[in-house]
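Numbering-wise, the numbering used here puts 184 at position 161 of the sequence shown, and it's gapless, one number per residue. Positions of the beta carbon are idealized from the N, C-alpha and C atoms, including for glycine.
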Amino acid sequence: HNQCNQLIRHDDTAGSRLPHDYGLLGAALGEKRHFLQAPESPDWPLAEAERDALLEPVGLQTRWGFNALGEVLVQTDAMGNTQAFGMTVAGQLKTAELTLAGAAQTQTLVSEIHYNALDQVEQETAGNGVVSHFQYDPQDSRLGALNAMAADGALLQKLIYSYDPVGNVLVVNDASQPDRYCDNQLIEPI
Numbered sequence: 024h025n026q027c028n029q030l031i032r033h034d035d036t037a038g039s040r041l042p043h044d045y046g047l048l049g050a051a052l053g054e055k056r057h058f059l060q061a062p063e064s065p066d067w068p069l070a071e072a073e074r075d076a077l078l079e080p081v082g083l084q085t086r087w088g089f090n091a092l093g094e095v096l097v098q099t100d101a102m103g104n105t106q107a108f109g110m111t112v113a114g115q116l117k118t119a120e121l122t123l124a125g126a127a128q129t130q131t132l133v134s135e136i137h138y139n140a141l142d143q144v145e146q147e148t149a150g151n152g153v154v155s156h157f158q159y160d161p162q163d164s165r166l167g168a169l170n171a172m173a174a175d176g177a178l179l180q181k182l183i184y185s186y187d188p189v190g191n192v193l194v195v196n197d198a199s200q201p202d203r204y205c206d207n208q209l210i211e212p213i
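So, in structure tokens, the structure goes:
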């Protein structure tokens, strides 16, 4: 569908991608991937039949579903695993879920994602219930601290970041780990 003026084959160093279905906005809805039979990078011949001879006969199918704005809502991979993405009204990721092939139950990978005015994640909840809080420096918007707490309230991680003036990370200190001593020398968790 809708292949007018669209890519129908792309040969690269890993094999060939064959997009076969496009949506109204031009994004590929489905694609079959054939990998090379040999691990060497080929000198692709011009004839399509000769190119196909270099590929594995069975291709791997991936399908996508999009919303009206072209954002990916669903992806189904070659094994039949389905990833579903929920978006906020502003187009930001709200939830990510995974349904394994043949499984009836959906696993939540991340949910309850909250953003600040600069589109930076301030809080998110992982599928195992761990809640992460991100704190940013108001002057340069760099990540200053990352706290992770288990569902029962136990502190799992408290990372504090220090940067040089250019923005390179100098030190990451994990304040959730106790100080340790070896030969009467303090060993700080970094």
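Check: Beta bridge counterpart(s) of cysteine 205 as assigned by DSSP; Outcome: Gln208
Check: Beta-carbon separation (whole angstroms), leucine 41 vs glutamate 54, contact threshold 8 Å; Outcome: 6 Å
Check: Cβ pair glutamate 73, glutamine 60 closer than 7 Å; Outcome: no
Check: Pairwise C-alpha distance: tyrosine 138 and leucine 132; Outcome: 17 Å
Check: Assigned secondary structure, aspartate 44 (DSSP; H/G/I helix, E/B strand, else coil); Outcome: strand
Check: Segment limits, beta strand (DSSP E) that includes arginine 86; Outcome: 83-89
Check: Continuous beta strand (DSSP E) assignments of at least 3 residues falling wholly in the stretch 134-178; Outcome: 144-149, 154-159, 166-172
Check: Coil, strand or helix - arginine 32 by DSSP; Outcome: coil
Check: Cβ contact check for the stretch 88-97 and the stretch 123-132: 3 or more pairs under 8 Å; Outcome: no
Check: Alanine 119 in three-state terms, based on DSSP; Outcome: strand
Check: Identity of the residue in Cys27, Leu47, Val192, His57 nearest histidine 33 by Cα; Outcome: His57
Check: Straight-line gap, serine 185 to valine 192 (C-alpha atoms, nearest Å); Outcome: 6 Å
Check: Where glutamate 94 falls: helix, strand or coil (DSSP); Outcome: coil
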